[in-house]
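Down below is the structure, laid out as structure tokens.
Numbering (the numbering used here), first residue to last: 1 to 248.
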């Protein structure tokens, strides 16, 4: 069972997330709930946890300050942020600091399931032997280095060629290794990140769809729209309209 620390100042949000995670029937258990980052830091001084789900907006110490303090203490704790559409810049900042992923409120059970599955795949990749791993046991595996490169790079700028260059490996071989350890193609993994950011841009900015496509590395807006529909079931314009209706 993988332990989760849940950090959110709203009790009803914590309760809803707890029930959602329980219904997913995944190997996760919420072992502690905290109402702000400072309370979470105090608890982590005495306890270990596999994963932290933390809101960004909280009193006393918000999610970003909480993450900065974790990194200051050189804790390599995996964190999934829970945010709202208006916090786009904060999410970008958090991703650059090494946050594993983020979820947008209200948290969708399907997206939560996808996010937790992705984290489980990462855990498996950490545990599996890596043929490209250096002799030093403290060295990151090849796929871990690639995931770090992806986390620090805007989704629209991520390419297999650049990822391969950063780990000094042939792109074709890296693609095979990534699929073997992550159980998903490199291109599909990056596409899911791009579409996730597209959803955030569609709901938090007034950028035109063509501008969003360009920012995410798609030179052909039709291809972008087809990819978006394939992964979400609706077109970018439909997604934006639906989001606006929900806000009203």
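Cβ coordinates follow ideal geometry from the N, Cα and C atoms, glycine included.
**Request:** Please name the residue in 217, 181, 178, 185 whose C-alpha comes closest to that of residue 197.
**Result:** Working through the chain shown from its first residue, we reach residue 197 at position 197. Per the Cα distances, 217.
**Request:** Could you check what DSSP says for residue 225 in three-state terms: helix, strand or coil?
**Result:** As a first step, residue 225 must be located in the chain shown, where it is residue number 225. Three-state result, residue 225: helix.
**Message:** Taking the alpha-carbon of residue 95 as reference, which of 147, 44, 49 has the nearest alpha-carbon?
**Reply:** As a first step, residue 95 is located in the chain shown; it is residue number 95 there, counting from the start. It is 147 whose Cα lies nearest to the Cα of residue 95.
**Asked** alpha helix (DSSP H) containing residue 178: first to last residue?
**Response** The residue given as residue 178 occupies position 178 in the chain shown. Residues 171 to 182.
**Item:** As assigned by DSSP and simplified to three states, the class of residue 239
**Value:** Residue mapping note: residue 239 aligns to position 239 of the chain shown, counting from 1. Residue 239: helix per DSSP, three-state reduction.
**Request:** Please state if the CB of residue 61 and the CB of residue 36 are separated by a distance shorter than 8 Å.
**Result:** Along the chain shown, read from residue 1 onward, the residue named residue 36 stands at position 36. Along the chain shown, read from residue 1 onward, the residue named residue 61 stands at position 61. Yes, the pair counts as a contact, with Cβ atoms nearer than the cut-off.
**Request:** On a CA-only basis, which of 51, 124, 142, 58 is nearest residue 168? Give me that one, please.
**Result:** To locate residue 168, count along the chain shown from 1; it is residue 168. The candidate whose alpha carbon is nearest that of residue 168 is 142.
**Request:** Could you name the residues that DSSP lists as bridge partners for residue 83?
**Result:** Within the chain shown, numbered from 1, the residue matching residue 83 stands at position 83. Answer is 104, bridged to residue 83.
**Item:** residue 70 versus residue 225: straight-line alpha-carbon distance, rounded
**Value:** Taking the chain shown and counting its residues from 1, the one referred to as residue 70 is at position 70. Taking the chain shown and counting its residues from 1, the one referred to as residue 225 is at position 225. Approximately 38 Å, taken between the alpha carbons.
**Message:** For residue 22, which residues in the same chain have their Cβ closer than 8 Å to its Cβ, ignoring the five residues on either side in sequence?
**Reply:** Stepping through the chain shown from its first residue, residue 22 is reached at position 22. Result list for residue 22: empty, nothing under 8 Å.
**Asked** In three-state terms, what does DSSP make of residue 209?
**Response** Residue 209 sits at position 209 when you count from the first residue of the chain shown. Helix.
**Asked** Could you check where the beta strand (DSSP E) with residue 3 kicks off and where it finishes?
**Response** Counted from its first residue, the chain shown places residue 3 at position 3. It spans 2 to 7 - the beta strand (DSSP E) in which residue 3 sits, taken as one unbroken run.
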